[in-house]
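Notes follow the structure.
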Ligand SMILES: Nc1ncnc2c1ncn2[C@@H]1O[C@H](COP(=O)(O)OP(=O)(O)OP(=O)(O)O)[C@@H](O)[C@H]1O
Ligand SMILES: [Mg+2]
């Protein structure tokens with residue numbers, strides 16, 4: 001589904017990513033873990049065409065998409081839910097959702113996608129006429145994920161979906177991610193909430209200082225001594 005090959009990314013002269021390799025298969029939930037500043041967001045932005053790589057390649061469903069513009073990648077079926085969530089505050093919840101279906105031309109399809117999103121997040125349906133800017137943090141995160149799903153993506157990329165949320169909302173977000181697996185969508189999730197993430201993901205990569213330092217099944221990683229000590233706070 002998604003393959004990243006020897007990716008190098010720099011901000012000016014400052015090199016951030018070094019030779020990053022990843023391979024994400026159809027239907028998987030794959031986590032990218034790492035401390036603040038490890039380069040996780042930089043990697044996602046570079047995959048999404050928001051930051052051109054200095055070297056290396058990105059393949060999506062076998063096609064070289066390195067450096068393609070973000071809108072082209074959305075049209076190809078990739079949805080990106082960034083850390084900043086990018087909700088249009090002065091628009092209603094429903095209008096924000098409809099924007100996510102920008103590339104869907106069939107009106108009946110848009111309606112059925114909207115219905116599915118509302119089934120997944122009844123709270124959004126209750127609040128469909130409310131201005132997005134007045135929604136709570138957790139509700140805004142649901143909205144951002146819901147908007148990503150409105151295009152029926154093949155691949156959804158989530159950057160720290162649980163950030164800034166209350167424990168209850170964090171639970172809701174992880175439950176949502178779990179239910180997404182029945183929707184035939186491949187998921188890449190960047191998280192600092194390592195324990196909860198390893199519970200929903202089948203595999204994970206661990207990044208440190210712009211490089212992948214470890215990869216494995218969630219089970220392997222959650223039993224790994226280094227991961228336990230550094231990321232799960234266990235000794
Ligand atoms: N626009 C920028 N210009 C210069 N340096 C940047 C820029 N954006 C990020 N960086 C630097 O790149 C490094 C990686 O940042 P990045 O945002 O990818 O980390 P991250 O793993 O997503 O961290 P976090 O968990 O805090 O979100 C950091 O040292 C950061 O300061
Ligand atoms: Mg980040």
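Residue numbers (the numbering used here): 1 to 235. We put the beta carbon where it would ideally sit given N, CA and C, even for glycine.
With a minimum length of 4 residues, the unbroken runs of alpha helix (DSSP H) contained wholly in the segment 29 to 117 fall at 40 to 47, 70 to 75, 93 to 99.
Exposure of residue 213 is indicated by the presence of fewer than 16 other C-beta atoms within 10 angstroms of its C-beta.
Per DSSP, the continuous beta strand (DSSP E) segment holding residue 215 begins and ends at 211 to 217. With a cut-off of 8 Å, the C-beta of residue 41 is classified as near ligand 2, since at least one heavy atom of the ligand falls inside that distance. Per the DSSP secondary-structure output, residue 9 pairs in a beta bridge with 17.
Residue side-chain check: residue 215 keeps its Cβ at 8 Å or more from all non-hydrogen atoms of ligand 1.
Boundaries of the beta strand (DSSP E) around residue 186: 186 to 191. Straight-line measurement puts the Cα of residue 187 at about 20 Å from the Cα of residue 139. As the crow flies, the alpha-carbon of residue 20 is around 35 Å from that of residue 121.
Within 8 Å of the C-beta of residue 35 there is at least one heavy atom belonging to ligand 1. Shortest gap from the CB of residue 159 to any heavy atom of ligand 2: under 8 Å. Cα atoms of residue 61 and residue 1: separation of roughly 5 Å, rounded to the nearest angstrom.
Bridge pairing for residue 205: 32, 215 [DSSP]. Relative to the non-hydrogen atoms of ligand 1, the Cβ of residue 98 never comes closer than 8 Å to any of them.
Residue 174 and residue 17 have their C-alpha atoms spaced approximately 28 Å apart. Residue 190 has its CB nearer than 8 Å to a heavy atom of ligand 1. Separation of residue 15 and residue 58 (C-alpha to C-alpha, rounded to the nearest whole angstrom) is 18 Å. By the criterion of a C-beta distance shorter than 6 Å, residue 46 is surrounded in its chain by 9, 53, once the five residues flanking it on both sides are discounted.
Distances from the CB of residue 83 to the heavy atoms of ligand 2 include at least one below 8 Å. Around the beta-carbon of residue 146, 16 or more other beta-carbon atoms lie within 10 Å, marking it buried. Beta-carbon to beta-carbon, residue 189 and residue 197 are separated by about 6 Å, close enough to satisfy the 8 Å threshold. Bridge partners of residue 159 according to DSSP: 190.
Rounded to whole angstroms, the gap between the alpha carbons of residue 69 and residue 32 is 23 Å.
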